[in-house]
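Down below is the structure, laid out as structure tokens.
2 protein chains.
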Amino acid sequence: MTNIPEPIDRMAAELARLPGIGRKSAQRLAYHIAALPENEVRALADALWQGRTAIRFCEECGNYTQESLCRVCADPNRSGRVLCVVRDPRDVAAMERTHDFRGKYHVLHGVLSPMDGIGPDDIRIRELLARLTDGQVDEVIIATNPDIEGEATATYLARLIKPLNVRVTRIAHGVPVGSALEYADEVTLVKAMQGRREL
Amino acid sequence: MTNIPEPIDRMAAELARLPGIGRKSAQRLAYHIAALPENEVRALADALWQGRTAIRFCEECGNYTQESLCRVCADPNRSGRVLCVVRDPRDVAAMERTHDFRGKYHVLHGVLSPMDGIGPDDIRIRELLARLTDGQVDEVIIATNPDIEGEATATYLARLIKPLNVRVTRIAHGVPVGSALEYADEVTLVKAMQGRREL
């Protein structure tokens with residue numbers, strides 16, 4: 143028998159499923175939410191649910207969007223001749239914060255990870271290759287994270303893309319090895335883009 | 143113009159209102175939630191909203207409950223002769239984890255804090271005094287946090303309660319000064335209860 147009222151316990155259990163929120167923090171948040179005015183909790187719950195249902199994938203690049211095309215793909219000032227390949231939609235947001243890259247993106251929604259059973263068919267590689275068949279793309283910049291899975295994915299993609307006569311580059315290791323792209327600062331990301339090398 | 147899709151931005155804004163969740167963590171959580179299966183997000187949003195609406199205050203002590211009386215007040219094996227006064231419902235949960243205290247509680251829902259404009263009428267002091275009028279209570283243990291507001295509240299309550307011929311005690315400073323009751327371990331809390339002194 144727990145000493146925590148059941149509704150709070152259930153809130154805490156759901157919150158504890160989120161990344162970075164441990165059992166204690168989840169309980170603390172649940173008690174906090176139980177004491178909030180009802181309209182604030184309504185706003186929070188609605189934002190989560192409506193946010194989730196409003197979000198869809200860009201038909202072109204796989205980024206999050208509310209329309210059929212994301213803001214980048216719909217922008218006539220962005221060049222489709224250079225594609226930047228990233229793992230996650232949040233990596234697009236990180237890259238966009240630099241205001242440096244004027245091409246478009248391709249979001250893989252994951253990286254190759256045999257340990258986790260994630261193979262080439264589980265991420266959006268087929269969709270990437272499809273975008274390279276009509277000769278509209280000159281260069282693919284692979285901007286997966288500089289960790290084991292990210293590097294393996296980059297090597298794998300380079301092998302697939304080179305025969306299509308498309309230049310394949312990799313962002314420089316300006317991003318500290320072992321960390322995640324989304325935490326890099328704008329200057330580091332710009333340096334990483336500039337220092338990209340042929341694969 | 144932000145680079146984050148509006149629904150995710152709105153999720154992040156709501157999440158960032160919660161204690162201990164900064165702007166970056168909120169964004170990270172929002173992106174995570176956007177990628178979850180819809181049924182999991184539904185479960186999370188429902189747990190928060192239903193949890194909030196299911197929760198009410200115990201008519202006797204002010205603890206959180208789903209019934210009119212909380213689990214402690216409804217328990218015939220708990221003695222009403224000793225009341226433990228705490229600031230928050232989560233302090234009840236912390237105290238209950240010790241399995242040591244067999245009396246009942248009174249939850250103030252706050253402590254005196256002139257700096258924040260919180261005076262005696264803003265917390266459940268009147269309700270506490272009402273419980274002491276019929277001679278059913280022998281002792282009031284004041285278990286507010288060992289910080290400035292907690293101590294001031296304890297002193298204030300002692301002055302009000304002593305004329306009613308009720309023993310007033312304060313938990314010992316076994317709880318490290320400056321920290322919060324809810325983070326104390328069970329042993330420290332038991333020691334604090336045992337070492338309580340007359341006020």
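So the protein sequences, as listed, match chains A and B. Take the first sequence: its letter number 54 is residue 196 in the working numbering, and every next letter is one higher. Take the second sequence: its letter number 162 is residue 304 in the working numbering, and every next letter is one higher. Glycine included, each C-beta is placed from N, C-alpha and C at the ideal position. Being a predicted model, the structure only gives us computed values, none of them experimental.
Check                                                                                                                                             : Outcome
Tell me which residue opens and which closes the alpha helix (DSSP H) that A:E180 is part of.                                                     : 180 to 196
Can you confirm whether A:R342, when its beta carbon is compared against all beta carbons of chain B, has any partner nearer than 8 Å?            : Nothing can be reported for residue 342 of chain A: it is not among the residues displayed for chain A, which extend from 143 to 341.
Does the separation of the CB atoms of B:G277 and B:H248 fall below 8 Å?                                                                          : no
I'd like the list of long-range same chain contacts for B:A196, defined as Cβ closer than 6 Å, with 5 residues on each side in sequence excluded. : Q208
Confirm, please, whether the CB-CB distance from B:A154 to B:V172 is below 8 Å.                                                                   : With the sequence shown as reference, residue 172 of chain B is identified as Ala, and Val is not the correct amino acid for it. In this structure, B:A154 lies closer than 8 Å to B:A172 by Cβ.
Please name the residue, chosen from B:P147, B:G259, B:P179, B:E148, that lies closest to A:L160 on a Cα-to-Cα basis.                             : B:P179
Whole angstroms is fine: what's the gap from A:Y206's alpha carbon to B:R165's?                                                                   : 19 Å
Entirely within the region 252 to 330 of chain B and at least 4 residues each: give me those alpha helix (DSSP H) ranges in chain order.          : 267 to 273, 290 to 303
Buried or exposed: which applies to A:E202, given that a residue is buried once 16 or more other Cβ atoms fall within 10 Å of its Cβ?             : buried
Can you tell me which residues form a DSSP beta bridge with B:Y247?                                                                               : B:C226
Return no unless some Cβ of chain B is closer than 8 Å to the Cβ of A:V183.                                                                       : yes
Pull up the CB-CB distance for A:V224 and A:G252, whole angstroms please, since I reckon it's below 8 Å.                                          : Going by Cβ atoms, the distance from A:V224 to A:G252 rounds to 22 Å, so no, they are not a contact pair.
Starting from A:P147, trace the alpha helix (DSSP H) both ways and give me its first and last residue.                                            : No alpha helix (DSSP H) contains A:P147, which DSSP labels as neither H nor E.
Are the CB atoms of A:V310 and A:V282 nearer to each other than 8 Å?                                                                              : yes
Between B:A294 and the rest of its own chain, which residues show a CB-CB distance below 7 Å, the 5 nearest in sequence each way excluded?        : L254
With respect to the alpha helix (DSSP H) encompassing A:H241, which residues constitute its N-terminal and C-terminal limits?                     : Premise fails: A:H241 is in no alpha helix (DSSP H) and is neither H nor E.
Using CA atoms only, rank isn't needed, just tell me which of B:A285, B:T297, B:F199 is closest to B:A236.                                        : B:A285
Among the residues of its own chain, which have a CB less than 6 Å from the CB of A:M143, if the five just before and after it don't count?       : Confidence is the limiting factor: at A:M143 the pLDDT is only 43, short of 50, which leaves the residue's position unreliable, though a coordinate-based value still follows. Hits under 6 Å: none found.
Check whether the Cβ of B:T311 lies closer than 8 Å to any Cβ atom in chain A.                                                                    : no
Rounding to the nearest angstrom, what Cα-Cα distance links A:L190 and A:V234 in this structure?                                                  : 21 Å
Look up B:Y206 in the DSSP assignment and give the residues it is bridged to.                                                                     : B:F199
In chain A, which residues lie with their C-beta within 8 Å of the C-beta of B:E180?                                                              : R194, T195
Going straight from the alpha carbon of A:V329 to that of A:L306, what length do you get?                                                         : 32 Å
To the nearest angstrom, how far is it from the Cα of B:D242 to the Cα of B:V332?                                                                 : 7 Å
With the cut-off set at 8 Å, would you say B:L271 and B:L250 are in Cβ contact?                                                                   : no
Judging by CA-CA distance, which residue of B:S210, B:P149, B:G193 is the nearest neighbour of B:C200?                                            : B:S210
Please classify A:I265 as buried or exposed, where buried requires at least 16 other C-beta atoms within 10 Å of its C-beta.                      : buried
Could one say the Cβ of B:A285 lies closer than 8 Å to chain A's Cβ atoms, at least one of them?                                                  : no
Would a check of beta-carbon distances place B:R229 closer than 8 Å to chain A?                                                                   : no
In whole angstroms, what separates the C-alpha of B:I146 from that of A:I150?                                                                     : 31 Å
Is the beta carbon of B:V227 sitting closer than 8 Å to the one on B:L274?                                                                        : no
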